[in-house]
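*Asks:* Numbering (this note's numbering), first residue to last: 3 to 192.
Here it is, the structure in full.
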């Protein structure tokens with residue numbers, strides 16, 4: 003009776019561990035989906051004065067992409083752990099039963115190959131996102147350079163306008179003083 007009870011407790015524990023692993027992968031996938039939606043939201047933002055992405059928008063995109071890359075790394079490690087556990091469980095079970103067959107080995111090899119191809123695809127996605135981040139950083143620096151150039155031109159034009167205003171005031175004062183002298187010369191003749 004005690005052995006049967008111990009076996010039942012062991013089975014319940016095993017089922018609980020599997021449910022936790024599936025929940026972890028599901029949670030990671032849901033978090034990644036949220037980050038992708040956040041990235042899409044920031045990518046659609048054009049809050050700059052000229053209707054383009056502002057520096058804050060680009061920084062938000064970069065931060066979101068970094069979070070996605072980190073989440074992908076967590077997914078990769080979770081998939082690795084899950085696949086290692088699955089391979090280990092299947093191997094232990096087959097050894098316990100003494101029925102390791104060529105068919106089982108093909109399934110395990112196919113699963114490992116599938117996981118390796120998924121890992122390669124995830125690594126390719128990470129590299130693509132890193133390239134995107136680098137491109138966005140270059141775009142950010144170009145935007146900053148362009149903005150600095152425009153600010154410089156506006157400053158020069160404002161200084162020139164101010165100097166012209168001062169010159170116009172100076173000419174007006176001289177014109178007024180010259181017209182007063184002419185009036186004074188005409189008035190004493192009476």
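Each residue gets a CB set at the ideal place from its N, CA and C atoms; glycine is no exception.
1) Rounded to the nearest angstrom, how far is the Cβ of residue 141 from that of residue 60, given a contact under 8 Å?
2) Under a three-way DSSP split, which group does residue 183 fall into?
3) Does DSSP classify residue 192 as helix, strand or coil?
4) CB-CB under 8 Å to residue 173, same chain, minus the five flanking residues each way: which ones, in chain order?
5) Below 8 Å on the Cβ atoms is my contact criterion, and I expect residue 80 with residue 26 to pass it. Report the Cβ-Cβ distance as a whole number of Å.
6) In the structure shown, what three-state DSSP assignment does residue 54 receive?
7) Check whether the Cβ atoms of residue 44 and residue 56 sit closer than 8 Å, and answer yes or no.
8) Would you call residue 41 buried or exposed, if buried means 16 or more other Cβ atoms sit within 10 Å of its Cβ?
9) Would the beta-carbon of residue 34 fall within 8 Å of that of residue 73?
*Replies:* According to the structure shown:
1) 7 Å
2) helix
3) Because residue 192 sits at a pLDDT of 49, beneath the cut-off of 50, its placement in the model cannot be relied upon, and the following sentence gives the value as read from the coordinates. Note: residue 192 maps to coil in three-state DSSP.
4) none
5) 6 Å
6) coil
7) no
8) buried
9) yes
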